[in-house]
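Notes to accompany the following structure.
Here it is in structure tokens:
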């Protein structure tokens, strides 16, 4: 991940870099899990997964439990991607700024 | 973000976790915490076993999409109640935080409560703080294996029971216990049982304070509800400093009351030193108060070197319980609670939906009568089968004819019935282009009090 440039500049050793990476991954996992759980709760309070299965373009036949589980995984994939993306862009790469004209 | 202030945040990300061995402590606040643990966990473990009118009193029946709560059945259509309840919970949290700080964290949060129990079990198997620290450093002797094994056994058993109870809120627990006994659990019950057990075991056994420090969103934003009048746990710096211990105290003229015994640090479940001031790691469990009070008593000094106090009180100003923040929170909270109560009492067991036929505005029945056609959907949200009658008002002489030669509408509990209905009116009475009429669905019963109504458009005979 792009954690490396920033941490290398601060003089972290290999173990610490690994630790930072896994802690960030844990945060991404936890945040996405939590939001996916809340989303599923609200979504399935409003929609019955058994009906949705019949309405979907693939015409899958799912029971309620399977629907809840599939729906949760579906949400989790997207919240995980979103959180991962945030984690990725939060870890700014360190680059040198070009020297600018002081009179500009 | 290149200033020096951001550095500590990065620190917490790469610092290796040090295991915390909270020292056991007794005292008035720990007594209250124990009481809370027994009360809340007692509620959790016993509630699924209670019956109400022959059914499980609290059962969240997800496959059937209905919640049974002490004789009330809630359907997905009653989503508003769930939403209201969550909003009430949130505002209670805000209110109590503004008033008394992190009461939730210290006494009621499941993380705290289950961690307490896991620490008790750990003490039972491995002994007190010193013994536990020694045991972890010691080589693997027979005694260490035995003690570690007993701890794991206690933890896993307790976690499995917790997982089982959790699933018992969603599947009738008596059948579930039979299924567990005969080992005929369905895949979902099995998954959730082990998942929740594992979560309990991991969170309360290993993660502990790290859940509060790194994972909990409330810990990060609770300070927003704080002001100078909020109860916090604080060390009285003016009284305590300069802290010193033992011999040194006799050599100095005016030593502070703090004898630097570090008991407040040893008992802290999140491993902080309360003498450094208010920190976000503090879950307000008041263990340091009890520990310090005990020490102060033994050394013949007044109690309360660490105590529940407010920032204002520390600075010698009066503390106000009534202030705009608490008053506003309280008013909002009470309004929500009242509207929840009123809505619940007036909740109808009938859910109806009426849609006008899309193809025709009206049909001519005979020379003097027209009719509008609708699709009526009625859902029985009650606990028993019911029959309904349909009436319409808004134009003189409206007559409701149920379609498909039906004589009445009946629905089983939870059933959604779809009936085409025709509403007939005299041409002379329905002479405007569009009328608004009200259609009422009433449950046929001895008291006959339950009904639902909906206003719809009625297209008149207008030439």
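Chains as they are written, first to last, in our numbering: chain A, 32 to 135; chain B, -2 to 460.
Positions of the beta carbon are idealized from the N, C-alpha and C atoms, including for glycine.
Query	Result
For residue 25 of chain B and residue 287 of chain B, believed in contact at Cβ under 8 Å, the rounded distance	7 Å
DSSP bridge partner residues for residue 390 of chain B (one or two, in chain order)	B/435
Any alpha helix (DSSP H) of 4 or more consecutive residues that is wholly inside the segment 5 to 93 of chain B	25 to 43
Closest residue to residue 213 of chain B among B/107, B/296, B/56 (Cα-Cα distance)	B/107
Residue range of the unbroken beta strand (DSSP E) whose run includes residue 205 of chain B	Counting along the chain, residue 205 of chain B falls outside any beta strand (DSSP E), and DSSP gives it neither H nor E.
Cβ-Cβ distance between residue 465 of chain B and residue 261 of chain B below 8 Å	The shown model of chain B, from -2 to 460, leaves out residue 465 of chain B, and the question about it has no answer.
Segment contact, 8 Å Cβ cut-off, at least three pairs: the segment 421 to 438 of chain B with the segment 377 to 390 of chain B	yes
CA-to-CA distance, residue 168 of chain B to residue 42 of chain B, given in whole angstroms	14 Å
Span separating the alpha-carbon of residue 228 of chain B from that of residue 296 of chain B	27 Å
Identified DSSP bridge partners for residue 456 of chain B	B/431
Backbone CA spacing between residue 78 of chain A and residue 112 of chain A [nearest angstrom]	24 Å
C-alpha gap between residue 380 of chain B and residue 131 of chain B, whole angstroms	60 Å
8 Å Cβ cutoff met for residue 111 of chain B and residue 201 of chain B	yes
Under 7 Å by beta carbon: chain A residues contacting residue 212 of chain B	61
CA nearest to the CA of residue 400 of chain B, picked from B/415, B/194, B/156	B/415
Nearest-angstrom Cα separation, counted from residue 91 of chain B out to residue 279 of chain B	17 Å
Proximal chain A residues relative to residue 73 of chain B, where beta-carbon distance stays under 9 Å	75, 76, 77, 78, 79
Separation of residue 65 of chain A from residue 372 of chain B, as counted between CA atoms	41 Å
Closer than 8 Å to chain A by CB, residue 217 of chain B	no
Residue burial classification, residue 22 of chain B (beta-carbon count within 10 angstroms, cutoff 16)	buried
Residues near residue 299 of chain B in its chain [Cβ-Cβ closer than 7 Å; skip 5 each side]	293
Sequence-distant residues of its chain with Cβ nearer than 6 Å to residue 450 of chain B (five each side left out)	435, 437
Residues near residue 162 of chain B in its chain [Cβ-Cβ closer than 7 Å; skip 5 each side]	41, 42, 45
Chain-ordered neighbours of residue 161 of chain B on chain A, where CB pairs are closer than 7 Å	Residues of chain A passing the Cβ test: none, with the nearest at roughly 18 Å.
Euclidean distance between Cα positions of residue 342 of chain B and residue 82 of chain B	15 Å
Cβ pair residue 159 of chain B, residue 109 of chain B closer than 8 Å	no
Closest Cα partner of residue 10 of chain A within the set A/55, A/49, A/47	Chain A is shown from 32 up to 135; residue 10 of chain A falls before or after that span and cannot be answered.
For residue 117 of chain B, the nearest candidate out of B/69, B/147, B/329, B/98 (CA to CA)	B/147
Spatial neighbours of residue 71 of chain B in its chain, beta-carbon cut-off 7 Å, leaving aside the 5 residues before and after	63, 64, 78
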